[in-house]
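Here numbering that gives the first Met the number 0 is used: position 284 in the sequence shown is 283, and no number is missing along the way.
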Amino acid sequence: MNFPQGNGSPPKSTGSHRIAIVGTGYVGLVTGACFAELGHSVLCLDNDARKIGTLRLGELPFFEPQLHELVIHNRQAGRLTFSDDIAAGVRDRPIIFIAVGTPILPNDGVDLSQVCDVAATIGRELNGPKLVVVKSTVPVETGELVASIIAENSSQTHDVEVAANPEFLREGCAVDDFMRPDRIVIGATSEHARRTLQELYEPFGMPIVVTDVRTAEMIKYTANAFLATKVSFMNEIANICEIFNVDVKDVAHGIGLDQRIGSRFMRPGLGYGGSCFPKDVRGLERTAHGRGYEAQLIRTVEAVNQAQIVRTFHKIERALGSVEGRRVCVLGLAFKPDTSDVREAPALRLIELLTQAGATVTAHDPVAIDGARAITGDGVKYCSDIYGAINGCDVLVLATDWEEYAAIDFQLLRRLMRSNVVVDGRNLFDPDKVAAEGLRYIGVGRAREPVSLPARDEGMIPI
Ligand SMILES: NC(=O)c1ccc[n+]([C@@H]2O[C@H](COP(=O)([O-])OP(=O)(O)OC[C@H]3O[C@@H](n4cnc5c(N)ncnc54)[C@H](O)[C@@H]3O)[C@@H](O)[C@H]2O)c1
0 MNFPQGNGSP PKSTGSHRIA IVGTGYVGLV TGACFAELGH SVLCLDNDAR KIGTLRLGEL
60 PFFEPQLHEL VIHNRQAGRL TFSDDIAAGV RDRPIIFIAV GTPILPNDGV DLSQVCDVAA
120 TIGRELNGPK LVVVKSTVPV ETGELVASII AENSSQTHDV EVAANPEFLR EGCAVDDFMR
180 PDRIVIGATS EHARRTLQEL YEPFGMPIVV TDVRTAEMIK YTANAFLATK VSFMNEIANI
240 CEIFNVDVKD VAHGIGLDQR IGSRFMRPGL GYGGSCFPKD VRGLERTAHG RGYEAQLIRT
300 VEAVNQAQIV RTFHKIERAL GSVEGRRVCV LGLAFKPDTS DVREAPALRL IELLTQAGAT
360 VTAHDPVAID GARAITGDGV KYCSDIYGAI NGCDVLVLAT DWEEYAAIDF QLLRRLMRSN
420 VVVDGRNLFD PDKVAAEGLR YIGVGRAREP VSLPARDEGM IPI
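So this is what it looks like as structure tokens:
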């Protein structure tokens with residue numbers, strides 16, 4: 000395990016707190032396991048009894064590197080327990096983190112029903128002073144909403160403090176991110192809430208930004224909107240590079256050395272997906288819209304993101320003439336490598352477009368096949384072997400840049416494929432190596448084949 004001090008042992012905790020985490024998903028489970036590792040007593044709660052049952056059996060409901068060993072170790076040490084009895088759990092613990100989902104509504108508004116549900120339960124079960132910490136990503140003013148719901152539902156008077164502590168971990172390296180964050184954001188009004196949360200996080204030895212609750216909520220939305228903007232910006236630049244036969248990798252390098260710009264998060268591809276960026280970008284835009292502000296840039300970030308996948312579909316279509324009756328192999332289904340999460344995965348949207356147009360799709364992913372199958376149904380043939388998925392296909396599309404795909408044997412690939420088109424949706428492959436085997440390489444903004452799609456092409460979705 001890689002801890003902040005880098006000496007293999009967990010950071011020293013300044014004391015043991017009794018914590019409940021409501022919502023044992025990606026964020027809640029990582030938070031719970033990491034706090035337990037610091038020596039705290041953590042009760043992870045979830046209203047999904049099956050998920051709790053799985054965890055009690057010592058299994059994880061999803062794939063996340065390093066997390067399994069952390070959960071097992073802390074369960075055995077008696078510091079990490081699981082329950083689906085939310086009411087009893089919140090009665091039992093003075094510090095309650097809310098880490099439930101905040102999905103998007105059909106009108107792109109933020110669905111706060113899970114957060115409100117937990118707040119109501121805390122109110123009904125109030126039996127003493129509580130520090131309620133909202134870790135879910137929520138619109139500005141949610142802290143105030145949570146406080147008012149707790150008050151409305153409570154028949155007792157106890158000190159209840161509501162704080163915000165947004166989470167910045169990335170799936171795929173969530174444990175490392177939690178243990179070694181760039182910064183920790185605490186939004187709190189009372190001195191007690193600030194002190195308690197600072198005490199919890201001080202062992203990490205990372206910068207702690209202390210603000211009021213609204214500012215902390217805004218910091219999280221702003222961070223995700225900014226990162227999504229970077230993705231869409233580079234995708235747009237890549238698309239322009241394609242018109243002029245310029246390699247976007249060189250462009251990214253050339254601008255990334257400017258310290259005001261920076262070189263990270265500058266890779267074009269199929270666009271962002273996952274459970275955060277798409278919903279948070281839309282959520283921020285809708286929240287602003289609700290108060291009369293049209294966030295045009297943020298709206299466009301999302302439109303460019305959606306267009307990128309349509310553009311990729313058109314690249315495939317152009318390369319094959321038509322996709323009808325053709326076999327397409329999609330490598331990678333998760334929205335990014337090292338996770339089994341397929342929520343809003345670009346690969347699945349692409350598969351939808353391909354099958355609607357009459358293509359037959361075979362697909363592979365190291366860990367995300369079950370999640371993908373649950374969404375696509377039986378219309379896609381899933382293979383547990385990479386070359387089994389490739390066999391007999393007309394076009395290979397790399398949709399998620401799992402490390403193992405970088406080691407693909409292009410000689411074997413050429414022999415197995417029926418046609419020779421390789422669409423590298425993540426710019427993972429070396430175009431020369433691919434071309435050396437007589438394969439036709441199509442990347443994102445790579446200077447091999449000028450793509451004559453005009454800037455206002457079919458890929459653009461009106462906003
Ligand atoms: N996944 C990420 O990478 C990430 C990173 C940073 C922030 N976030 C934010 O953290 C929050 C949680 O995200 P996640 O990915 O962990 O979600 P998730 O869907 O994996 O987990 C949410 C969990 O909450 C449970 N739940 C729902 N309603 C409940 C209730 N009333 N009582 C008890 N449990 C309930 C669900 O069963 C589920 O297990 C979201 O707001 C998300 O935007 C996520």
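Heads up, the beta-carbon is just placed ideally off N, CA and C, and yes, glycines get one too.
Does the Cβ-Cβ distance between residue i and residue j come in under 8 Å?
i      : j      : result
Val41  : Gly52  : no
Ala86  : Gly27  : no
Thr101 : Ser135 : yes
Glu58  : Glu170 : no
Val443 : Pro267 : yes
Val89  : Ile121 : yes
Ala371 : Val394 : no
Lys314 : Ile185 : no
Ile94  : Arg17  : yes
Val245 : Ala446 : yes
Ile374 : Leu330 : no
Val379 : Ala362 : yes
Asp107 : Arg285 : yes
Glu403 : Pro365 : yes
Gly422 : Thr311 : Just to set this straight, residue 422 is Val in the shown sequence, not Gly. Closer than 8 Å, so yes.
Val117 : Val29  : no
Exposed or buried, which one is residue i when buried takes at least 16 other CB atoms within 10 Å?
i      : result
Ala358 : buried
Val467 : With the chain covering only 0 through 462, there is no way to say anything about residue 467.
Asn164 : buried
Ile308 : buried
Tyr292 : exposed
Gly324 : exposed
His39  : buried
Ser15  : exposed
Phe264 : exposed
Pro345 : buried
Gly5   : The predicted position of Gly5 is uncertain, since its pLDDT is 42 and thus under 50; a value taken from the coordinates is nonetheless stated next. The residue in question, Gly5, is exposed, as its Cβ has fewer than 16 Cβ neighbours within 10 Å.
Asp377 : exposed
Gly289 : exposed
Pro277 : buried
Lys432 : exposed
Ala19  : buried
Arg417 : exposed
Phe96  : buried
Could you check what DSSP says for residue i in three-state terms: helix, strand or coil?
i      : result
Asp377 : helix
Phe96  : strand
Phe167 : coil
Pro453 : Low local confidence applies: a pLDDT of 43 at Pro453 is under 50, so the model's placement there is unreliable, with the coordinate-based value given in what follows. Residue state, collapsed to three classes: coil.
Glu351 : helix
Glu160 : strand
Cys33  : helix
Ser15  : coil
Ile71  : helix
Gly88  : helix
Leu395 : strand
Phe409 : helix
Arg182 : coil
Cys115 : helix
Ile242 : helix
Phe62  : coil
Leu130 : strand
Phe232 : helix
Ala251 : helix
Thr136 : coil
Ile460 : With a pLDDT of 41 at Ile460, under the threshold of 50, the predicted position of this residue should be treated as unreliable, though the coordinate-derived value follows. Residue state, collapsed to three classes: coil.
Val145 : helix
Ala150 : helix
If you compare alpha carbons, which of the options is closest to residue i?
i      : options                        : result
Asp211 : Gly253, Pro277, Gly261, Gly142 : Gly142
Gly127 : Asp91, Ser135, Asp176, Arg317  : Asp91
Met178 : Gln65, Asp110, Trp401, Glu351  : Gln65
His67  : Asn106, Leu44, Tyr25, Phe96    : Tyr25
Asp429 : Phe409, Met416, Met265         : Phe409
Ile216 : Ile242, Val133, Ala146, Pro202 : Sequence check: residue 216 is Glu here, not Ile. Comparing Cα positions, the closest option is Val133.
Glu190 : Asp175, Val161, Arg213         : Val161
Ala356 : Asp364, Ser321, Asp369         : Ser321
Gln113 : Asn106, Ile297, Gly272, Asp47  : Asp47
Leu37  : Gly204, Leu104, Val396         : Gly204
Gly261 : Met233, Phe334, Ala237         : Met233
Arg281 : Thr221, Ile239, Phe334, Glu151 : Thr221
Looking at the C-beta of residue i, does it have a partner C-beta in chain D at a distance below 8 Å?
i      : result
Ala150 : The question asks about chain D, but that chain is absent: this structure has only one protein chain.
Open item on the list: At 3 residues or longer, what runs of the beta strand (DSSP E) sit wholly inside the stretch 191-230?
Closed with: 207-210
TODO: Give, in chain order, every unbroken run of the beta strand (DSSP E) that is at least 3 residues long and sits entirely within the stretch 415-446.
DONE: 420-423, 439-441
TODO: With a floor of 4 residues, list each alpha helix (DSSP H) that falls wholly inside the stretch 275-337, ordered by position along the chain.
DONE: 276-289, 295-319
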